[in-house]
């Protein structure tokens, strides 16, 4: 291989011949080609933003910023507001984080601090496979397993509160609900929190653990008071990444959230999310309706960009802190 | 003494809890696998792979068209996403430096974070709105755009893991930079590159949202690239949300096939990388 490479380029003559030869040997061509590909990426991203901006023009002109504050969604009178969907997206994602963060960080602690390396690697492999399960499969499980299960589990809990349940448990319960969407989302984002947090925890210097243990701290105290605080920012980063993913998650939410375009106080009521309404109405929409849906897409895009940026910064900050030691 | 007991108890309980979290997470995977195997495996038959969907109420329908549709969409996506992502990854790992490289990396993260439904809107405005036609091509382009950032990142990562001494050795022998990359660096990283592309394919194979209003759906065969086509994930969604139990059974079967496909590609890809590393350390 190497000898054939050597025969391709004998000693370089000077001047124009060298330029010609360089082009002939494909060096300049290869550089130009790969540069073109990298530039294509920028063009595609710019085009994506431009198309969203252009497509939402009609809706932006008609509703202005009121779009973000209005809670009407009426395709018949062509009056559209994004608030119920932003609300539903935020609440389902917050609920998902509430469940997935303690759970995911717990599992990450076990995998990074306690499990023997072989077991930890094996388990992490399986958890990464869980992350690879397509969202429509989670939706399928959500509709046919989770929702019936919630219909059995939730009513007794609700009855335990008697006639005046707290507002988040009020109202009738039909299974498809904000709660169901939150639970499905939490299962989907937990693998991300687990695998990223595990990496971050494994990056914590060994001396810190040894110092804490030598001072007489128990295993848990070492983990909770020394290792986790050290890795705090990285774990926050994993949470932000998971949040960004859950905000944009479409199929599983669409299948179990109940598709009700109103702001609801109860977790047991059905709601809606930005991604879900786009999935449900985009193909049949036209005119202002379609434009409003594209604007919802723009809102979702902006939300996830901000979160992703924050996550990268946090993870970067932890990495630098680790490197400076 | 009392305090010490409390500390020990907290230690034991919390450590057990973390173990429980892990077992539950792994258990969920096996539950999903097992449930789909039981529900979907039972309704799998030869007809599923060879027949078109039958009208509701008639037995014996299949999803041959959705399987072929998915394959076509994925083929277009791969042809679009992998070359661009791969070449850009080569540029980033071997040529670029400084500010431009950071810009590309930033844009890659940005594009990678775009929700899949928004990519669907993009493909719709670019292709469906201009050709006035839902099509296989539009679905393929939507998934292709999603493949680019992942292909770029994995290419860059695996090329960077090739030791610099290999490059220097090739260049010392008089190879040009491009020749070095093609004959030395890429062959050295080939396992990683292939597994990266496989993982990429597995990820987009299950994507549903970008196909909903680009490839749409079709009860029949979709010849060529310019007509709406059924795809496995969209069919699962449509059947699962329909009111008919027969269709639910078909959705389970399709879900099982999709999940099996995705997991097999994943496991194969990961074992390719693993075997590559053990080979290197010897």
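Chains as they are written, first to last, in my numbering: chain A, 61 to 385; chain B, 482 to 763.
Every residue gets a Cβ at the ideal spot worked out from N, C-alpha and C, and that includes glycine.
All values derive from a computational prediction rather than experimental measurement.
Can you list the alpha helix (DSSP H) stretches of 4 or more residues lying completely in the region 193-236 of chain A, in chain order? Listed in chain order, they are 195-201 and 207-220.
Which of the three DSSP states is assigned to residue 125 of chain A in this structure? Your numbering for residue 125 of chain A matches position 65 in the first chain. Three-state result, residue 125 of chain A: coil.
Counting contacts by CB-CB distance shorter than 8 Å, is residue 752 of chain B in contact with chain A? As a position in the second chain, residue 752 of chain B is number 271, starting the count at 1. Not one chain A Cβ lies under 8 Å of residue 752 of chain B.
Compare the Cα-Cα distances from residue 529 of chain B to each of B:502, B:546 and B:752 and report the closest residue. Here residue 529 of chain B refers to the residue found at position 48 of the second chain. If we check each option's Cα against that of residue 529 of chain B, B:546 comes out closest.
If you run the structure through DSSP and keep just helix, strand and coil, what is residue 368 of chain A? Residue numbering aside, residue 368 of chain A sits at position 308 when the first chain is read from its first letter. If DSSP states are grouped into helix, strand and coil, residue 368 of chain A belongs with the helices.
Distance CB(residue 172 of chain A)-CB(residue 266 of chain A) smaller than 8 Å: Residue mapping note: residue 172 of chain A aligns to position 112 of the first chain, counting from 1. Residue mapping note: residue 266 of chain A aligns to position 206 of the first chain, counting from 1. No, Cβ-Cβ distance for residue 172 of chain A and residue 266 of chain A is not below 8 Å.
List, in order along the chain, the chain A residues whose C-beta lies closer than 8 Å to that of residue 488 of chain B? Within the second chain, residue 488 of chain B is the residue found at index 7, counting from 1. Within 8 Å Cβ-Cβ: 278 and 281.
What residue does the alpha helix (DSSP H) around residue 402 of chain A start on, and which one ends it? Missing from the structure shown is residue 402 of chain A; chain A here goes from 61 to 385 and no further.
Assuming residue 117 of chain A and residue 606 of chain B make a contact with CB atoms under 8 Å, what is their CB distance in whole Å? Within the first chain, the letter at position 57 stands for residue 117 of chain A. Within the second chain, the letter at position 125 stands for residue 606 of chain B. Cβ atoms of residue 117 of chain A and residue 606 of chain B stay farther apart than 8 Å, at about 12 Å.
Neighbourhood of residue 582 of chain B by C-beta, 8 Å cutoff - its chain only, sequence neighbours within 5 removed: One-based indexing of the second chain puts residue 582 of chain B at position 101. So the qualifying residues of the chain are 573.
Can you pull the chain B neighbours of residue 194 of chain A, defined as C-beta to C-beta under 8 Å? As a first step, residue 194 of chain A is located in the first chain; it is residue number 134 there, counting from the start. What residue 194 of chain A touches in chain B: 686, 687, 688, 689, 714, 739, 740 and 743.
Helix, strand or coil, according to DSSP, for residue 694 of chain B in the structure here? For the purposes of this step, residue 694 of chain B is identified with residue 213 of the second chain, where counting begins at 1. Looking at residue 694 of chain B - three-state DSSP - the assignment turns out to be coil, as it is neither helix nor strand.
With distance defined between alpha-carbon atoms, name the residue in A:183, A:236 and A:285 nearest to residue 209 of chain A. Here residue 209 of chain A refers to the residue found at position 149 when the first chain is read from its first residue. Checked all of A:183, A:236 and A:285; the closest Cα to residue 209 of chain A is A:236.
So, at 8 Å on beta carbons, what are the nonlocal neighbours of residue 372 of chain A in its own chain, with the 5 sequence-adjacent residues on each side left out? Numbered from 1 along the first chain, position 312 holds the residue referred to as residue 372 of chain A. Hits under 8 Å: 297.
Rounded to a whole number of angstroms, what is the C-alpha to C-alpha distance between residue 169 of chain A and residue 243 of chain A? Here residue 169 of chain A refers to the residue found at position 109 of the first chain. Here residue 243 of chain A refers to the residue found at position 183 of the first chain. Their Cα atoms are separated by approximately 22 Å.
Is the Cβ-Cβ distance between residue 319 of chain A and residue 291 of chain A less than 8 Å? Locating residue 319 of chain A in the first chain gives position 259, where the first residue counts as 1. Locating residue 291 of chain A in the first chain gives position 231, where the first residue counts as 1. Contact check for residue 319 of chain A against residue 291 of chain A fails: the beta carbons are separated by 8 Å or more.
For residue 113 of chain A, the three-state DSSP class (helix, strand or coil): One-based indexing of the first chain puts residue 113 of chain A at position 53. The answer is helix: DSSP assigns residue 113 of chain A an H, G or I state.
What is the DSSP secondary structure of residue 140 of chain A, reduced to helix, strand or coil? In the first chain, counting from the first residue as 1, residue 140 of chain A sits at position 80. In the structure shown, residue 140 of chain A sits in a strand (DSSP, three-state: E or B).
Count the other C-beta atoms from every protein chain shown that fall within 10 angstroms of the C-beta of residue 592 of chain B, then say buried if there are 16 or more, exposed otherwise. Your numbering for residue 592 of chain B matches position 111 in the second chain. The residue is buried, with at least 16 neighbouring Cβ atoms inside 10 Å.
Give me the chain B residues within the contact set of residue 372 of chain A, using Cβ-Cβ distance strictly less than 7 Å, ordered along the chain. Position 312 of the first chain, counted from the first residue, corresponds to residue 372 of chain A. The contacting residues are 590.
Residues bridged to residue 133 of chain A by DSSP? Your numbering for residue 133 of chain A matches position 73 in the first chain. Answer is A:140, bridged to residue 133 of chain A.
What separation, rounded to the nearest whole angstrom, lies between the Cα atoms of residue 500 of chain B and residue 284 of chain A? Counted from its first residue, the second chain places residue 500 of chain B at position 19. Counted from its first residue, the first chain places residue 284 of chain A at position 224. About 15 Å.
Please check if any C-beta of chain A sits within less than 8 Å of the C-beta of residue 658 of chain B. Locating residue 658 of chain B in the second chain gives position 177, where the first residue counts as 1. Yes, contact with chain A.
Between the alpha carbons of residue 233 of chain A and residue 211 of chain A, how many angstroms are there, rounded? Numbered from 1 along the first chain, position 173 holds the residue referred to as residue 233 of chain A. Numbered from 1 along the first chain, position 151 holds the residue referred to as residue 211 of chain A. One C-alpha to the other measures close to 8 Å.
Is it the case that the Cβ atoms of residue 543 of chain B and residue 531 of chain B are separated by a distance below 8 Å? Translated into the one-based positions of the second chain, residue 543 of chain B becomes position 62. Translated into the one-based positions of the second chain, residue 531 of chain B becomes position 50. In this structure, residue 531 of chain B lies closer than 8 Å to residue 543 of chain B by Cβ.
May I have the straight-line CA-CA distance separating residue 110 of chain A from residue 359 of chain A, to the nearest angstrom? Stepping through the first chain from its first residue, residue 110 of chain A is reached at position 50. Stepping through the first chain from its first residue, residue 359 of chain A is reached at position 299. So the two alpha carbons sit approximately 14 Å from each other.
In chain A, which residues lie less than 7 Å from residue 496 of chain B when you measure between Cβ atoms? As a first step, residue 496 of chain B must be located in the second chain, where it is residue number 15. Result: 174, 279 and 280.
is_contact[residue 315 of chain A, chain B] using C-beta, thresh 8 Å: Translated into the one-based positions of the first chain, residue 315 of chain A becomes position 255. Yes, residue 315 of chain A counts as interfacial toward chain B.
Measuring alpha carbon to alpha carbon, tell me which residue in B:539, B:485, B:649 and B:503 is nearest residue 727 of chain B. If you number the second chain from 1, residue 727 of chain B lands on position 246. Looking at the Cα atoms, B:539 is the closest of the given residues.
I'd like to know whether the C-beta atoms of residue 733 of chain B and residue 533 of chain B end up nearer to each other than 8 Å. Reading the second chain from its first residue, position 252 is the one you call residue 733 of chain B. Reading the second chain from its first residue, position 52 is the one you call residue 533 of chain B. Not in contact: residue 733 of chain B and residue 533 of chain B (Cβ atoms no closer than 8 Å).
Own chain partners of residue 286 of chain A with C-beta closer than 6 Å, once the 5 adjacent residues on each side are dropped: Counting from one through the first chain, the residue named residue 286 of chain A turns up at place 226. Only 268 and 272 meet the Cβ criterion.
Residue 721 of chain B: contacting residues in chain A (beta-carbon distance under 9 Å): Residue numbering aside, residue 721 of chain B sits at position 240 when the second chain is read from its first letter. Those are 196, 199, 200, 203, 204 and 315, listed as they occur along chain A.
Residues of its chain near residue 676 of chain B, where Cβ-Cβ distance is below 6 Å and the 5 sequence neighbours each way are ignored: Position 195 of the second chain, counted from the first residue, corresponds to residue 676 of chain B. 750, 753 and 754, listed in sequence order.
For residue 600 of chain B and residue 685 of chain B, I'd like the C-alpha separation in whole angstroms. The sequence position of residue 600 of chain B within the second chain is 119, counting from 1. The sequence position of residue 685 of chain B within the second chain is 204, counting from 1. In this structure, the alpha-carbon of residue 600 of chain B lies about 12 Å from that of residue 685 of chain B.
Run down chain A in chain order and give the residues with a C-beta less than 7 Å from the C-beta of residue 491 of chain B. By one-based count along the second chain, residue 491 of chain B stands at place 10. Correct list: 280.
Would you decide whether residue 280 of chain A is buried or exposed? Buried here means 16 or more other CB atoms lie within 10 Å of its CB. Looking up residue 280 of chain A in the first chain gives position 220. Classification for residue 280 of chain A: buried.
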